[in-house]
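Enquirer: Can you read through this structure? Questions will come right after.
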Amino acid sequence: MDMKLIIFGPPGSGKGTYSSRIKEKFGLVKVSTGDIFREEIKNQTELGKRIENFLKKGELVPDAIVIEVINQKLMNLKDYILDGYPRTLEQAQALDKIAKIDAIININANEEILVEKISSRRICSNPACDGNYNVADIRRTIDGIEYVLPPLLPKNDMRCDKCGSPLIQREDDKPDVIKERLKVYERQSKPVIEYYKERVDCKIPFIEVLMNRPPEEVVQGIIEKLTALKARNDKGKTKSKVS
Numbered sequence: 007m008d009m010k011l012i013i014f015g016p017p018g019s020g021k022g023t024y025s026s027r028i029k030e031k032f033g034l035v036k037v038s039t040g041d042i043f044r045e046e047i048k049n050q051t052e053l054g055k056r057i058e059n060f061l062k063k064g065e066l067v068p069d070a071i072v073i074e075v076i077n078q079k080l081m082n083l084k085d086y087i088l089d090g091y092p093r094t095l096e097q098a099q100a101l102d103k104i105a106k107i108d109a110i111i112n113i114n115a116n117e118e119i120l121v122e123k124i125s126s127r128r129i130c131s132n133p134a135c136d137g138n139y140n141v142a143d144i145r146r147t148i149d150g151i152e153y154v155l156p157p158l159l160p161k162n163d164m165r166c167d168k169c170g171s172p173l174i175q176r177e178d179d180k181p182d183v184i185k186e187r188l189k190v191y192e193r194q195s196k197p198v199i200e201y202y203k204e205r206v207d208c209k210i211p212f213i214e215v216l217m218n219r220p221p222e223e224v225v226q227g228i229i230e231k232l233t234a235l236k237a238r239n240d241k242g243k244t245k246s247k248v249s
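Using the numbering used here, the first residue of the sequence shown is number 7, and each one after it goes up by one.
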């Protein structure tokens, strides 16, 4: 079975962590619009300069540019997981023209938990280091659902394990900013998710996931469901060949 996946999830849901683990498990290429944009900007390509110009103005990168970038990236790829794409109906419809998606992973998360988790995130103050930690220790029940999300603490008090620099909180990791980011995600993603769920021409399996356990437990559940789906599809292909 070819494996072309999409992963959806709000900010702070662990989407990037999950997609990286899934990539490693199944030998996929992770395609992230954010990573592509950062690379283009870093290399100061013509495309990168155009993207940077929009971002500096606080504007969204136009669909036409995003679609062009992703289409070029997917052109020679067979197995991949899309992280951060598609974000709009136009992007989803453009993707339909070049790829048949095998499954969609949709991460659901409680807003109260997300705000606490994101606002507790601490990053290394050294720009050359990618140290990332979280001081929240969440262990409670909300609406009958148990949440167990332990902290990820540095070994030394508020200093990065990798380089020893002090840890800081990002400006956009403040509660008010987080709530606005979550509203934007809901507004953007809801129509796209409904588009995939409601289409009748080609039903795509949805793997619904709740972010209420440590990342290693959540991702293991996703991997088990993907493995079962792959086995069913491979079995179906074998039967088709025999008949």
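For each residue, glycine too, the CB sits at the ideal point set by N, CA and C.
Beta carbon of I174, beta carbon of R128: below 8 Å?
Expert: Translated into the one-based positions of the sequence shown, residue 174 becomes position 168. Translated into the one-based positions of the sequence shown, residue 128 becomes position 122. A contact, by the Cβ cut-off of 8 Å.
Enquirer: Could you name the residues of the same chain whose beta carbon sits closer than 8 Å to that of S249, not counting the 5 residues immediately before and after it, in chain order?
Expert: Walking along the sequence shown from the start, residue 249 turns up at place 243. Confidence at S249 is low in this model, with a pLDDT of 49, below 50, so its placement is unreliable and the value that follows should be read with caution. Excluding sequence neighbours, S249 sits near nothing in its chain.
Enquirer: Among the residues of its own chain, which have a CB less than 7 Å from the CB of I42, if the five just before and after it don't count?
Expert: On the sequence shown, residue 42 is found 36 positions in, with the first residue counted as 1. Around I42: V75, K79.
Enquirer: Return the residue from the list D136, I110, I12 that minimises the CA-CA distance to D167.
Expert: The residue given as residue 167 occupies position 161 in the sequence shown. Of the listed residues, the one whose Cα sits closest to D167 is D136.
Enquirer: According to DSSP, simplified to helix, strand and coil, what is A237?
Expert: If you number the sequence shown from 1, residue 237 lands on position 231. DSSP places A237 in helix when its eight states are reduced to three.
Enquirer: Report, in whole angstroms, the separation of the C-beta atoms of I110 and Y202, which I expect to be a contact under 8 Å.
Expert: Sequence index remark: in the sequence shown, residue 110 carries index 104 (1-based). Sequence index remark: in the sequence shown, residue 202 carries index 196 (1-based). Sure, about 6 Å apart at Cβ, within 8 Å.
Enquirer: Secondary structure at R193, three-state DSSP: helix, strand or coil?
Expert: Translated into the one-based positions of the sequence shown, residue 193 becomes position 187. DSSP places R193 in helix when its eight states are reduced to three.
Enquirer: From which residue to which residue does the beta strand (DSSP E) around Y91 run?
Expert: As a first step, residue 91 is located in the sequence shown; it is residue number 85 there, counting from the start. That residue, Y91, is in no beta strand (DSSP E); it is neither H nor E in DSSP.
Enquirer: How long is the line joining the alpha carbons of K236 and I148, rounded to whole angstroms?
Expert: In the sequence shown, residue 236 corresponds to position 230, counting from 1. In the sequence shown, residue 148 corresponds to position 142, counting from 1. The alpha-carbon atoms of K236 and I148 are separated by roughly 34 Å.
Enquirer: Give the single residue among G40, T39, S25 whose Cα lies nearest to the Cα of G33.
Expert: As a first step, residue 33 is located in the sequence shown; it is residue number 27 there, counting from the start. Of the candidates G40, T39, S25, the one whose C-alpha sits nearest the C-alpha of G33 is S25.
Enquirer: Could you check whether N140 and V215 sit closer than 8 Å to each other, using their CB atoms as the reference points?
Expert: By 1-based counting over the sequence shown, the position of residue 215 is 209. By 1-based counting over the sequence shown, the position of residue 140 is 134. No, they are not a contact pair.
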